[in-house]
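Accompanying notes for the structure given below.
Number of protein chains: 2
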Amino acid sequence: MPIVPPSPLLALLETMQPLSAELRAELERLMRREQLPRGTHLLEPGHVAHRLYFVERGVVRGFYLKDGREVSSWFMKENDFIISIVSFFTQTPSLEYVELLEDATLWSLSYGQLQHLYQQFPEFNSIGRRLTENYYVLSERRTLNLRLQSAPARYDQLLTDFPAIFQRVPLKHIASHLGLTPETLSRLRGRR
Amino acid sequence: MPIVPPSPLLALLETMQPLSAELRAELERLMRREQLPRGTHLLEPGHVAHRLYFVERGVVRGFYLKDGREVSSWFMKENDFIISIVSFFTQTPSLEYVELLEDATLWSLSYGQLQHLYQQFPEFNSIGRRLTENYYVLSERRTLNLRLQSAPARYDQLLTDFPAIFQRVPLKHIASHLGLTPETLSRLRGRR
DNA sequence: CACCGAACTTGATCTGCGTCAATTTCGCCT
DNA sequence: AGGCGAAATTGACGCAGATCAAGTTCGGTG
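Each protein sequence line maps, in turn, to chains B and P.
Residue numbers for the first sequence follow UniProt numbering, so the first one is 1 and each next one is one higher.
Residue numbers for the second sequence follow UniProt numbering, so the first one is 1 and each next one is one higher.
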């Protein structure tokens with residue numbers, strides 16, 4: 001039994017759908033609290049993503065290597081769920097890194113435990129389905145941006161959509177997320 | 001009661017999870033068969049995606065306009081489900097077109113009916129969740145390809161992953177899907 | 001089967017962004 | 001506070017792919 005219950009997580013789930021006492025208790029029993037320092041890799045290529053994470057505090061990024069260079073595909077923060085989509089859902093080895101950009105407090109659950117929850121509490125499938133839909137929508141919007149906008153427009157968009165990111169993530173990571181080199185991003189920022 | 005039951009759809013769902021007789025009957029009652037000619041737009045920008053489609057026969061594409069030019073984001077075919085992710089899940093106006101590239105036979109269901117099924121048959125949430133996960137994985141793989149591969153590598157990848165697409169989709173649409181102009185794709189194909 | 005418009009190819013030129021290299025600035029640790 | 005390595009900026013140059021333009025081939029229709 002955890003000393004601290006995963007309250008931010010439970011609070012979030014509760015806003016989506018009332019949780020039965022049993023489901024609540026089972027979540028509290030299974031969720032594991034992890035305090036980890038900046039720089040920790042939650043996942044590396046070749047490994048299967050065994051756990052789902054919920055971020056109580058911190059910023060996390062997913063990235064890939066494209067011939068030796070890091071390409072950041074996403075950033076997540078407080079109150080976000082984190083999984084490496086392909087590896088976790090297919091339970092096959094990842095191509096992706098998942099890295100903490102700040103000291104973080106996370107809650108985690110194994111793949112097997114999650115499947116068990118889905119079986120044991122059918123109503124939990126509805127929550128899982130809607131969370132998956134929400135993140136899928138987020139991912140589609142990100143991809144759309146990459147496809148449809150010019151480099152300056154992608155930068156401006158990020159600046160208006162997620163201004164806070166610039167306070168917490170180094171520009172070189174933002175650059176690769178926008179599909180640019182740090183040099184090009186720097187020049188974009190300098191334009192007037 | 002439809003003259004023809006949506007058997008390919010039910011067969012597919014049945015492989016994922018046994019369907020109760022009631023759920024089966026409700027699906028048969030609600031699913032609407034549509035035979036539509038090539039060129040039909042299932043969705044246009046500004047409209048909310050009200051229906052989910054299942055493809056019994058035909059090829060369908062999703063595309064956007066990027067300053068006057070079409071950018072194809074996906075292609076789907078027999079036994080695929082089709083929705084415009086952002087618009088359908090958020091029930092907000094679409095930016096996307098959805099167009100039939102061949103004469104097609106589709107089965108469809110409205111957003112409201114789907115929500116009703118989720119409520120009425122809790123076990124249906126599990127099917128919905130897993131289908132959403134599968135398509136999310138597909139979408140992530142597509143995006144990854146765009147991000148990490150060079151233009152020639154993206155072409156080669158598509159050629160090995162979905163060779164059949166080249167028989168059924170005009171090259172100009174494949175070009176924009178790969179993030180290229182038709183001219184550049186043509187030159188890529190001519191290289192030796 | 002011939003026609004017409006769309007799809008595809010081929011060529012010439014242009015350009016946005018990448019690459020490589022050299023500073024400058026920042027942020028963290030002692 | 002000072003110093004060191006990483007991050008960001010700035011400059012010069014090159015190239016992959018876009019653009020514009022002119023054929024050529026393909027496919028559907030009368």
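Here a beta-carbon is modelled for each residue, glycine too, at the ideal position from N, C-alpha and C.
| Item | Value |
| --- | --- |
| Going along the chain, which residues of the UniProt domain "Cyclic nucleotide-binding" (15-117) of chain P sit with their C-beta nearer than 8 Å to a C-beta in chain B? | Y64, K66, V71, S73, I85, V86, F89, T90, L95 |
| Within its chain, find whatever has a CB closer than 8 Å to the CB of F166 of chain B; leave out the 5 residues flanking it on each side and keep chain order. | L159, I174 |
| Are the C-beta of E183 of chain B and some C-beta of chain P separated by less than 8 Å? | no |
| Counting contacts by CB-CB distance shorter than 8 Å, is Y136 of chain P in contact with chain B? | yes |
| Figure out for me which residue from P:R187, P:Q91, P:E26, P:T181 has the closest Cα to the Cα of R69 of chain P. | P:T181 |
| Over what stretch of residues does the beta strand (DSSP E) that includes K172 of chain P continue unbroken? | First-last for K172 of chain P: 171-177, but that is the alpha helix (DSSP H), not the beta strand (DSSP E). |
| Rounded to a whole number of angstroms, what is the C-alpha to C-alpha distance between E183 of chain P and L138 of chain P? | 27 Å |
| Identify whether P93 of chain B lies in helix, strand or coil by the three-state DSSP scheme. | strand |
| Going by other Cβ atoms of all chains shown within 10 Å of its Cβ, with 16 needed for buried, is M31 of chain P buried or exposed? | buried |
| Looking at the structure shown, is F75 of chain P part of a helix, part of a strand, or coil, going by DSSP? | strand |
| Using the DSSP secondary-structure output, state which residues sit across from Y53 of chain P in a beta bridge. | P:I82, P:S108 |
| Can you tell me whether A191 of chain B is helix, strand or coil according to DSSP? | Looking at the sequence shown, residue 191 of chain B is not Ala but Arg. Three-state result, R191 of chain B: coil. |
| Cβ of T160 of chain B less than 8 Å from any chain P Cβ? | no |
| Tell me the DSSP bridge mates of G62 of chain B? | B:W74, B:V98 |
| For Q91 of chain P and F54 of chain P, what's the separation of their Cα atoms in angstroms? | 19 Å |
| Excluding sequence positions up to five away, which residues of its chain have a Cβ less than 6 Å from the Cβ of F81 of chain B? | F54 |
| Can you say whether L101 of chain B is buried or exposed, counting buried as having 16 or more other CB atoms within 10 angstroms of its CB? | buried |
| Consult DSSP for residue 194 of chain B and reduce its assignment to one of helix, strand or coil. | The question about residue 194 of chain B has no answer here: the residues shown for chain B are numbered 1 through 192. |
| Tell whether a beta-carbon distance below 8 Å holds between S108 of chain B and R51 of chain B. | yes |
| Chain P beta carbons: is any one of them nearer than 8 Å to that of R147 of chain B? | yes |
| Determine the direct distance from the alpha carbon of H47 of chain P to that of Q35 of chain P, and round the result to whole angstroms. | 21 Å |
| Hey, E99 of chain B and E78 of chain B: beta-carbon distance below 8 Å or not? | no |
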